[in-house]
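First up is the structure itself, then whatever we jot down about it.
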Amino acid sequence: GGADLAPNASALYVLDGWAAQPTKVLDGVTVSNGITWTADGKTMYYTDSPTFGVDAFDFDGAARAHAELATKRRRAIDVCTGFPPVPDGCALDTQGMLWVACFGAGQVRRYDPASGELLATVVVPAAAGLETTACAFGGEALDELYVTTAHEFWDAAKQAQMPMAGGLFKVPRASLAALGDGIAGVPVNHFKV
Numbered sequence: 397g398g399a400d401l402a403p404n405a406s407a408l409y410v411l412d413g414w415a416a417q418p419t420k421v422l423d424g425v426t427v428s429n430g431i432t433w434t435a436d437g438k439t440m441y442y443t444d445s446p447t448f449g450v451d452a453f454d455f456d457g458a459a460r461a462h463a464e465l466a467t468k469r470r471r472a473i474d475v476c477t478g479f480p481p482v483p484d485g486c487a488l489d490t491q492g493m494l495w496v497a498c499f500g501a502g503q504v505r506r507y508d509p510a511s512g513e514l515l516a517t518v519v520v521p522a523a524a525g526l527e528t529t530a531c532a533f534g535g536e537a538l539d540e541l542y543v544t545t546a547h548e549f550w551d552a553a554k555q556a557q558m559p560m561a562g563g564l565f566k567v568p569r570a571s572l573a574a575l576g577d578g579i580a581g582v583p584v585n586h587f588k589v
């Protein structure tokens, strides 16, 4: 088996609690990735990778009305115009900037979601390949960036050429500091069981 990558054949669901039934909130999805919320809970960023961008959903701070989700969608960032790469997982920093793993580029890119401007690029080691899949901030102060990679659909020969593919990488603090002062991540939301 494998992932169903048929265009627009999937959907985005919400789960409002451990015992709740999933609620479909968005049709016409292909590959959901990179869901993250701003610290104030008023904006959700979402990636459907084959759309080549990151969308934002704005909320007024009241209860998140699932039925209205599709009407609140707007494009925040155009990552590319064709494959490769495609946007994959993402994370927010405390300055409100969005970090996007670019599958097919071997990069994580930092964007200003208000303007869509590309601010910085972090490149994974060449031996990790080009399939960057996700990024997240960690460490006690959330000032360390971690990046995951994959080796999906690779044969043994290709895996041997890029032995670090499928690994987890920590971006050195000095590298983050070179991109700007005080870069740290926003704590992620936790699902309570």
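If you're matching positions, the sequence shown starts at 397 in this note's numbering and goes up one per residue. A virtual CB, placed ideally from N, CA and C, is assigned to each residue, including glycine.
Quick check on DSSP: helix, strand or coil for A570?
For the purposes of this step, residue 570 is identified with residue 174 of the sequence shown, where counting begins at 1. Residue state, collapsed to three classes: helix.
Where does S445 fall in DSSP's three states?
Locating residue 445 in the sequence shown gives position 49, where the first residue counts as 1. In this structure, S445 counts as helix in the three-state DSSP scheme.
Ignore the nearest five residues each way along the sequence and tell me which others in K468's own chain have a CB closer than 6 Å to its CB.
Along the sequence shown, read from residue 1 onward, the residue named residue 468 stands at position 72. Within the same chain, K468 has close Cβ partners F453, D454.
Nearest CA to the CA of G562: which residue from A537, A574, G525, V584?
Counted from its first residue, the sequence shown places residue 562 at position 166. Residue G525 is the option with its Cα nearest to G562.
From this set, G449, L422, A516, P483, which residue's C-alpha is nearest G500's C-alpha?
Mapped onto the sequence shown, residue 500 falls at position 104. The shortest C-alpha separation from G500 is found at P483.
Exposed or buried, E548, counting other C-beta atoms within 10 Å across all chains shown (16 or more means buried)?
Within the sequence shown, numbered from 1, the residue matching residue 548 stands at position 152. When all chains shown are included, E548 counts as exposed.
Report yes if the C-beta distance between T426 and D412 is below 9 Å; otherwise report no.
Counting from 1 along the sequence shown, the entry for residue 426 is found at position 30. Counting from 1 along the sequence shown, the entry for residue 412 is found at position 16. No.
Jot down the residue ranges of each uninterrupted beta strand (DSSP E) in the segment 539–568, minimum 3 residues, whole runs only, in chain order.
Counting whole runs of 3 or more residues, the segment 539–568 contains the beta strand (DSSP E) stretches 540–545, 564–567.
Taking a contact to mean a Cβ-Cβ separation below 9 Å, would you say V471 touches D489 in this structure?
Residue 471 sits at position 75 when you count from the first residue of the sequence shown. Residue 489 sits at position 93 when you count from the first residue of the sequence shown. One point to set straight first is that residue 471 is Arg, not Val, in the sequence displayed. No, the Cβ-Cβ distance between R471 and D489 is not below 9 Å.
Put L411 into one of helix, strand or coil per three-state DSSP.
Taking the first residue of the sequence shown as position 1, residue 411 is located at position 15. Reduced to three states, the DSSP call for L411 is coil.
Return yes when the Cβ of I579 is within less than 9 Å of the Cβ of Q491, no when it is not.
Taking the sequence shown and counting its residues from 1, the one referred to as residue 491 is at position 95. Taking the sequence shown and counting its residues from 1, the one referred to as residue 579 is at position 183. A contact, by the Cβ cut-off of 9 Å.
From what residue to what residue does the beta strand (DSSP E) around Q503 run?
Here residue 503 is taken as the residue at index 107 of the sequence shown, counted from 1. First-last of the beta strand (DSSP E) with Q503: 503–507.
With which residues is E527 paired in a DSSP beta bridge?
Counting from one through the sequence shown, the residue named residue 527 turns up at place 131. Looking at the DSSP assignment, E527 forms a beta bridge with F499.
Hey, could you find the ends of the beta strand (DSSP E) D436 is sitting in?
Numbered from 1 along the sequence shown, position 40 holds the residue referred to as residue 436. It is not in any beta strand (DSSP E) - D436 carries neither H nor E in the DSSP assignment.
Can you give the beta carbon distance from S571 to V518, rounded, assuming they're within the 8 Å contact cut?
Residue numbering aside, residue 571 sits at position 175 when the sequence shown is read from its first letter. Residue numbering aside, residue 518 sits at position 122 when the sequence shown is read from its first letter. Yes, S571 and V518 are in contact; Cβ-Cβ is about 7 Å, under 8 Å.
Does DSSP classify L575 as helix, strand or coil?
Stepping through the sequence shown from its first residue, residue 575 is reached at position 179. Three-state result, L575: helix.
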